[in-house]
Amino acid sequence: MRRYLRFWSKFRRETRGTAAVEMALVTTLLAYPVLNVADLGMYAYQSMQVSNAAQAGARAAWSACNSLAQWPATAKCGTNGATLTSVVSGTAGIQSTSLGSNVTLASGYPKEGYYCATTTNTLALTGSPSSNPAVSAGSTPTKATDCSTVWDPATNASATAANSAATPGDYVSVSVTFTYTPLFTGVVTVASLLTSPITSTAWQRMD
Numbered sequence: 038m039r040r041y042l043r044f045w046s047k048f049r050r051e052t053r054g055t056a057a058v059e060m061a062l063v064t065t066l067l068a069y070p071v072l073n074v075a076d077l078g079m080y081a082y083q084s085m086q087v088s089n090a091a092q093a094g095a096r097a098a099w100s101a102c103n104s105l106a107q108w109p110a111t112a113k114c115g116t117n118g119a120t121l122t123s124v125v126s127g128t129a130g131i132q133s134t135s136l137g138s139n140v141t142l143a144s145g146y147p148k149e150g151y152y153c154a155t156t157t158n159t160l161a162l163t164g165s166p167s168s169n170p171a172v173s174a175g176s177t178p179t180k181a182t183d184c185s186t187v188w189d190p191a192t193n194a195s196a197t198a199a200n201s202a203a204t205p206g207d208y209v210s211v212s213v214t215f216t217y218t219p220l221f222t223g224v225v226t227v228a229s230l231l232t233s234p235i236t237s238t239a240w241q242r243m244d
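Quick look at the structure:
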C-alpha cells in the first residue's frame, strides 16, 4: 500500500507530457470551428462564382446575339449556326468561371421574352398567358406594340405596367445551378446544412 501511495504521489507531481495533453484537448475543441469557417468560406466563394456564371451567360447572349437583324435572340445568332442556348452554356458563357462545366443551365433556360416594367418595379411579360407563352428555351417570343396588357409569370396573374404606352423590351434570363459538396465529407458542418444546389438568375436586355 505504501509503495502504491508513493507511486501515486509521484505520478501526481509528474508534469512531463502535460502540455501535449492540453494541446490535444484544445486542438480537438478548436477543430470543429475551424472546419466550419473553412467550409463556410468555400460555400460563400462558390455561391459568388455561381452568380458570376449566370451573369457571364447573360453577357454572352448579348455579345453573340445583339444584332438588330437577329432579334429575337432565340433565332440563330453568332457564327457557325450557334444558338442562344449554345452561346449561353459555352465556355464564354456560364462555364467561364472557376467552376467550369460543374455549373449547368437550369431546366427551360435561357428564357427570352418581351417585358414591361410594372408599378412595383418588376418585369412582366407582355400580353397574356395564352397570347405570349414564349418563356422557355428555344421558343420565339411575341412582341406587343405597347405595355397595355402584361402578366406576371411568377404568379400567373395580370399585372399593371408603369407606363401602358411604353415599348416592351426584349430580355433574356439565364438561370444556373451548382451542387455544393462540403470540403469535409463525413463531418457535419454548418455549410453542409445550407441550400444545395446553389442557384442564381441573371437578366440581360437585348434591345
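In the numbering used here, the protein residues as written are 38 to 244. Each residue gets a CB set at the ideal place from its N, CA and C atoms; glycine is no exception.
Inter-residue Cα distance where the pair is residue i and residue j
{"i": "T122", "j": "T128", "result": "12 Å"}
{"i": "S185", "j": "A101", "result": "31 Å"}
{"i": "L160", "j": "V213", "result": "20 Å"}
{"i": "D183", "j": "T120", "result": "28 Å"}
{"i": "S138", "j": "P234", "result": "15 Å"}
{"i": "S168", "j": "N193", "result": "13 Å"}
{"i": "A228", "j": "L72", "result": "10 Å"}
{"i": "P166", "j": "Y80", "result": "38 Å"}
{"i": "V225", "j": "K180", "result": "51 Å"}
{"i": "A98", "j": "N89", "result": "14 Å"}
Beta-carbon spacing of residue i, residue j below 9 Å
{"i": "V125", "j": "T236", "result": "no"}
{"i": "V187", "j": "G164", "result": "yes"}
{"i": "A91", "j": "V209", "result": "no"}
{"i": "F221", "j": "D76", "result": "yes"}
{"i": "R96", "j": "G130", "result": "yes"}
Status (buried if at least 16 other CB within 10 Å, exposed otherwise) for residue i
{"i": "M85", "result": "exposed"}
{"i": "T177", "result": "exposed"}
{"i": "V140", "result": "buried"}
{"i": "L230", "result": "exposed"}
Beta-bridge pairing of residue i - partner residues as DSSP gives them
{"i": "C184", "result": "C184 pairs with nothing; no bridge assigned."}
{"i": "T236", "result": "T214"}
{"i": "Y151", "result": "D207"}
contact_flag[the stretch 187 to 198, the stretch 140 to 155] where n(CB pairs < 8 Å) is 3 or more:
yes
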